[in-house]
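Chemist: Here the protein sequences line up with chains A and B, keeping their order. Counting from 5, one number per residue, gives the positions in the first sequence under this note's numbering. Counting from 4, one number per residue, gives the positions in the second sequence under this note's numbering. First the structure, then my questions, so here it is.
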Amino acid sequence: MGGTPLPEGIKLIDENGRRIDGRKPDELRPLRIEAGVLKRADGSAYLEWGQNKVIAAVYGPRECHPRHMQDPTRALVQCHYNMASFSVDDRKRPGPDRRSQEISKITSEALTHVVFTEYFPRTSIDVYIEVLQANAGTRCAGLTAASVALADAGIPMRDLVASCAAGKVADTMVLDLGKEEDNFGQADIPVGFIPRTEEIVLLQMDGDLTIDQFRTGLGMAVDACKKVYEVQRDALKRRYTIASDEREVAGSAEVK
Amino acid sequence: MQRNDNRESAREIVVPGDLLADRGMKAGPGTYIEDGNIFASLLGIKSVRSNTVGVVPLSGQYVPIRGDMVIGKIVDIGASNWLVDINAPHPSPLHVNEVPWRVEFGETDRFMTVGDLVLLKVVGVDELGRVQISMKEHGLRKLAGGMVFEVAPAKVPRVIGRSGSMIQILKNLTGCRIHVGQNGRIWIDGDLDNILNAVEAIKLIEKEAHSKGLTEKVKNLLERASKKGA
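Written as C-alpha cells, this is what we have:
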C-alpha cells in the first residue's frame with residue numbers, strides 16, 4: 005500500500021469489468037503444483053501460481069533444535085519462509101526480516117492445526133518455504149505448497165490446508181490479487197482453509213473494508229480455496245500414478 | 004502370488020482428509036475417526052481387509068513400534084549403556100542389562116564401540132516417544148563384516164514381501180546373508196559380486212515398490228545377473 009501512485013491512464017479494472025491481467029473479478033491465476041521434486045528432503049512440492057514460484061521442503065519428524073523448544077507431548081511444526089534475493093524487482097536484502105518472521109509464524113500455526121503433532125513427541129517437523137519469484141500472494145502460495153509437501157513427507161494430517169487471498173481493488177471485491185492490484189489496491193485478505201471441516205486456520209487483513217465487503221471477500225476466498233484444494237490433491241495423486249507408470253515427464257493440471 | 008497381483012490392481016491412492024468409510028468399519032493404521040466416520044491421515048494406498056480399512060503409506064520417517072527388528076549404529080558410549088541411532092527421531096540408549104554379555108560398570112567400550120552396527124529389537128515405546136531396545140533375544144547380535152545400506156522405511160514391507168517371500172528370493176538367488184531392519188537399514192554379507200547383485204535388486208524393489216509383478220522382475224534380474232557372473 006502507499007508508495008508511488010498508479011501511473012496515469014492505467015485502470016485496475018476496465019469498463020468491461022476486466023482486471024489488469026484480463027481476469028474477471030472472481031478468477032484465479034493459473035495454478036500448478038508438483039509434489040516430490042526434491043530428492044534429499046523427506047517431502048517437497050513445487051508450486052507456480054501466476055508469476056509466483058515457490059518450493060516447499062519438509063524434513064522430519066526429527067530431533068528438535070534448539071532443545072529448549074521441544075515439547076514433551078507433541079511435535080513442533082517449524083516453518084521457515086524465505087524470499088530469494090532475486091525474487092522481486094529490486095533485490096531483496098537476504099535474511100530474515102519482520103515480514104518473513106511473521107509469515108513463518110502464521111504458516112506454522114495454520115499447519116499445526118492439521119498435523120497430528122501428538123504422534124511425535126519431542127520432535128520437530130521443519131518446513132522450508134523458498135520463494136523463488138514473487139508476484140503478490142506468496143504467503144498463500146507458500147502455505148498451499150507446504151501442506152502438499154507435508155503430505156508428501158508421509159506426515160499424518162487431518163486434511164490439507166488450501167489457501168487463497170481476496171481483496172478490494174478500485175472499490176470492487178476481487179479474488180487472488182496480482183502484484184499491481186496488491187500495490188495499488190485498497191485491501192487484501194489472505195485466507196487459509198480446511199475444506200473438509202470448513203475451518204479457517206489463517207485470516208489476515210491489510211487495508212480497510214466494510215463488514216459487507218469483508219464477508220464477500222471471505223466467501224470468494226473460501227470458494228477459491230476449494231479449487232486450490234483440488235489441485236493439491238491432484239498433485240499428490242499424480243506423483244504416485246506417474247511413479248508406477250514409469251513416465252518421466254510430469255503432466256500438469258491447471259485451474260483457470 | 005496371484006492374489007498379491009489382484010490386490011495391487013485394485014489400489015486407490017488416498018490423500019489426507021479423504022473419507023474412507025463410515026460406521027461399521029474398523030479404523031486401521033493411517034486413519035482417524037471423526038463423528039464416527041473414518042478418514043485417511045496419510046498419503047497412501049487404501050487397503051480394505053475384512054472389516055478394517057487402513058492406509059498403506061508411500062513415504063514417511065521410521066516410527067518405532069514394539070516388536071520391530073531394527074539395525075542400529077552406536078553413536079556414543081556411557082558407563083552402563085550405549086547410545087544407538089536407530090533412524091528414529093531420537094537415539095535410544097541400550098543398557099548393559101539388555102545385551103547378551105555380562106558387562107562390568109565402565110567396561111562398555113570393550114564390547115562395542117562407536118560406529119559398530121547392531122541388530123536389535125524394539126521392546127517398548129512409551130508415550131513420550133522414548134524407545135527401549137534390546138539385544139537379548141535369539142538371533143540379535145553385533146553385525147560384523149558385510150555392508151549396510153538404507154531404503155525408505157515405507158518400502159521395507161515390499162523388500163520383505165508377503166510373509167517373507169521377497170527376502171527369501173533375495174537370499175536364495177544371491178546366497179547372501181541379509182537382515183532387513185524395519186527402520187530401513189539393510190545388512191548384507193556374502194561375496195562381493197553377490198552383494199552387488201542383491202543391492203541392485205533391492206534398489207529395483209525400492210524404485211518400483213508399488214508396481215505389479217515385482218517378484219517376477221526381481222527374479223529375472225537376479226537370474227540374469229548370476230548367469231553373467233558364471
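Glycine included, C-beta positions come from ideal geometry on N, C-alpha and C. This structure is a prediction, so every number in the text was calculated from the model and none was measured.
What residues are listed by DSSP as bridge partners for A:L80?
Modeler: As a working mapping, residue 80 of chain A is identified with position 76 in the first sequence. Under DSSP, A:L80 takes part in a beta bridge, and its partners are A:S128.
Chemist: Considering only DSSP beta bridges, list what A:T176 is partnered with.
Modeler: Within the first sequence, numbered from 1, the residue matching residue 176 of chain A stands at position 172. Secondary-structure assignment with DSSP links A:T176 through a beta bridge to A:V173.
Chemist: Which residue marks the beginning of the beta strand (DSSP E) containing B:V78, and which one marks its end?
Modeler: Residue mapping note: residue 78 of chain B aligns to position 75 of the second sequence, counting from 1. Note, B:V78: beta strand (DSSP E), M72 to I80.
Chemist: By DSSP, does B:L143 sit in helix, in strand, or in coil?
Modeler: The residue given as residue 143 of chain B occupies position 140 in the second sequence. Here B:L143 sits in coil by DSSP.
Chemist: Please classify B:N9 as buried or exposed, where buried requires at least 16 neighbouring CB atoms within 10 angstroms.
Modeler: Working through the second sequence from its first residue, we reach residue 9 of chain B at position 6. A caution first: B:N9 carries a pLDDT of 42, below 50, which makes its placement in the model too unreliable to give a value.
Chemist: Chain B beta carbons: is any one of them nearer than 7 Å to that of A:K241?
Modeler: Locating residue 241 of chain A in the first sequence gives position 237, where the first residue counts as 1. Yes, A:K241 lies at the interface with chain B (some Cβ there is under 7 Å from its Cβ).
Chemist: Using the Cα positions of B:D21 and B:I74, report the straight-line distance between them to the nearest angstrom.
Modeler: Residue 21 of chain B sits at position 18 when you count from the first residue of the second sequence. Residue 74 of chain B sits at position 71 when you count from the first residue of the second sequence. The alpha-carbon atoms of B:D21 and B:I74 are separated by roughly 34 Å.
Chemist: What does the Cβ neighbour count give for A:T121, buried or exposed, with the cut at 16 atoms within 10 Å?
Modeler: Against the first sequence, residue 121 of chain A aligns to sequence position 117. The residue in question, A:T121, is buried, as its Cβ has 16 or more Cβ neighbours within 10 Å.
Chemist: Looking at the unbroken beta strand (DSSP E) that takes in A:L147, where does it start and where does it end?
Modeler: Mapped onto the first sequence, residue 147 of chain A falls at position 143. Where A:L147 is concerned, there is no enclosing beta strand (DSSP E), although the alpha helix (DSSP H) it sits in stretches over T142 to D156.
Chemist: Nearest by alpha-carbon distance to A:M23: which of A:D180, A:G221 and A:K43 is it?
Modeler: Reading the first sequence from its first residue, position 19 is the one you call residue 23 of chain A. Note on identity: in this sequence residue 23 of chain A is Arg, with Met being the wrong assignment. Among A:D180, A:G221 and A:K43, the Cα nearest to that of A:R23 is on A:D180.
Chemist: Tell me whether B:P19 is buried or exposed, calling it buried when 16 or more other Cβ atoms sit within 10 Å of its Cβ.
Modeler: Counting from 1 along the second sequence, the entry for residue 19 of chain B is found at position 16. Buried is the call here.
Chemist: In whole angstroms, what separates the C-alpha of B:K206 from that of B:L199?
Modeler: On the second sequence, residue 206 of chain B is found 203 positions in, with the first residue counted as 1. On the second sequence, residue 199 of chain B is found 196 positions in, with the first residue counted as 1. One C-alpha to the other measures close to 10 Å.
Chemist: Cβ of A:C144 within 7 Å of Cβ of A:A169?
Modeler: For the purposes of this step, residue 144 of chain A is taken as residue 140 along the first sequence, with counting starting at 1. For the purposes of this step, residue 169 of chain A is taken as residue 165 along the first sequence, with counting starting at 1. Yes, they are a contact pair.
Chemist: What residues in the segment 148 to 164 of chain B bring their beta carbon closer than 8 Å to a beta carbon of chain A?
Modeler: A157
Chemist: DSSP three-state call for A:P65: helix, strand or coil?
Modeler: In the first sequence, the residue the question calls residue 65 of chain A occupies position 61. DSSP places A:P65 in strand when its eight states are reduced to three.
Chemist: Pick from A:G64, A:T220 and A:E52: whose alpha carbon is nearest that of A:V1?
Modeler: There is simply no residue 1 of chain A to check, as chain A begins at 5 and stops at 260 in what is shown.
Chemist: According to a CB-to-CB cut-off of less than 8 Å, which residues of the segment 124 to 138 of chain A neighbour chain B?
Modeler: F124, P125, R126 and T127
Chemist: Could you spell out where the alpha helix (DSSP H) holding B:N175 opens and where it closes?
Modeler: Reading the second sequence from its first residue, position 172 is the one you call residue 175 of chain B. Where B:N175 is concerned, the enclosing alpha helix (DSSP H) stretches over S168 to T177.
Chemist: By the 7 Å beta-carbon criterion, what residues does the segment 188 to 204 of chain A contribute toward chain B?
Modeler: R200
Chemist: Should A:I37 and A:V235 be called a contact, given that it needs their Cβ atoms to be closer than 7 Å?
Modeler: Here residue 37 of chain A corresponds to residue number 33 of the first sequence, with the count starting at 1. Here residue 235 of chain A corresponds to residue number 231 of the first sequence, with the count starting at 1. Going by C-beta atoms, A:I37 is nearer than 7 Å to A:V235.
Chemist: Who are the near neighbours of B:I163 in its chain, counting only those whose CB is closer than 8 Å to its CB and skipping five residues on each side?
Modeler: Position 160 of the second sequence, counted from the first residue, corresponds to residue 163 of chain B. Sequence-distant Cβ neighbours of B:I163 in its own chain, meaning closer than 8 Å and more than five residues away, are M169, I170 and V183.
Chemist: Please list, in chain order, the residues of the segment 150 to 169 of chain A that have any C-beta partner in chain B closer than 8 Å.
Modeler: A155, D156, A157, G158, I159, P160, M161, R162, D163 and L164
Chemist: Can you find the residues in the same chain that come closer than 8 Å, C-beta to C-beta, to A:G40, ignoring five residues on each side of it along the sequence?
Modeler: If you number the first sequence from 1, residue 40 of chain A lands on position 36. Beyond the five residues adjoining it in sequence on each side, A:G40 comes within less than 8 Å, by CB distance, of G47, S48, A49, D156 and R243 in the same chain, given in chain order.
Chemist: Please tell me whether B:I16 has its Cβ less than 7 Å away from any Cβ of chain A.
Modeler: Start at 1 with the first residue of the second sequence, and residue 16 of chain B comes out as number 13. Any Cβ of chain A closer than 7 Å to the Cβ of B:I16 would place that residue at the interface, and such an atom is present.
Chemist: According to DSSP, which residues form a beta bridge with B:I16?
Modeler: For the purposes of this step, residue 16 of chain B is taken as residue 13 along the second sequence, with counting starting at 1. Its beta-bridge partners are B:I48.
Chemist: In this structure, how does DSSP classify A:L42 when only helix, strand and coil are distinguished?
Modeler: Taking the first residue of the first sequence as 1, we reach residue 42 of chain A at position 38. Reduced to three states, the DSSP call for A:L42 is coil.
Chemist: Can A:V62 and A:S112 be called in contact, C-beta distance under 7 Å?
Modeler: On the first sequence, position 58 is the one that residue 62 of chain A refers to. On the first sequence, position 108 is the one that residue 112 of chain A refers to. With respect to A:S112, A:V62 sits apart: the two C-beta atoms are not nearer than 7 Å.
Chemist: Since A:D75 meets chain B, which of its residues come closer than 9 Å, beta carbon to beta carbon?
Modeler: The residue you call residue 75 of chain A lines up with position 71 of the first sequence. Residues of chain B passing the Cβ test: none, with the nearest at roughly 10 Å.
Chemist: Relative to the C-alpha of A:N56, which residue among A:R126, A:P125, A:D93 and A:S108 is closest?
Modeler: Position 52 of the first sequence, counted from the first residue, corresponds to residue 56 of chain A. Ranking the options by Cα distance to A:N56, first place goes to A:D93.
Chemist: Run through chain B and tell me which residues come within less than 9 Å of A:D46, C-beta to C-beta.
Modeler: On the first sequence, residue 46 of chain A is found 42 positions in, with the first residue counted as 1. Chain B residues near A:D46: S62, G63 and Q64.
Chemist: Just to confirm before moving on: does the CB-CB distance between A:T148 and A:S167 stay below 7 Å?
Modeler: Position 144 of the first sequence holds residue 148 of chain A. Position 163 of the first sequence holds residue 167 of chain A. Their beta carbons are under 7 Å apart, which means A:T148 touches A:S167 by this criterion.
Chemist: Could you pull out every residue in the same chain whose Cβ sits closer than 6 Å to the Cβ of B:A201, ignoring the five residues on either side in sequence?
Modeler: Position 198 of the second sequence holds residue 201 of chain B. Cβ neighbours of B:A201 beyond the five flanking positions: L173, T177, C179 and I191.
Chemist: Under 7 Å between the Cβ atoms of A:S91 and A:A138?
Modeler: Taking the first sequence and counting its residues from 1, the one referred to as residue 91 of chain A is at position 87. Taking the first sequence and counting its residues from 1, the one referred to as residue 138 of chain A is at position 134. Against a cut-off of 7 Å, the Cβ pair of A:A138 and A:S91 comes out as a contact.
Chemist: Of the residues A:T127, A:F218 and A:I110, which one's Cα is nearest the Cα of A:C83?
Modeler: One-based indexing of the first sequence puts residue 83 of chain A at position 79. For the residues A:T127, A:F218 and A:I110, the minimum Cα distance to A:C83 belongs to A:I110.
Chemist: Give every residue of the same chain whose Cβ lies closer than 7 Å to the Cβ of B:V106, excluding the five residues on either side of it in the sequence, and list them in chain order.
Modeler: Locating residue 106 of chain B in the second sequence gives position 103, where the first residue counts as 1. Cβ neighbours of B:V106 beyond the five flanking positions: V99 and F114.
Chemist: For B:E209, which three-state DSSP category applies?
Modeler: Start at 1 with the first residue of the second sequence, and residue 209 of chain B comes out as number 206. Three-state result, B:E209: helix.
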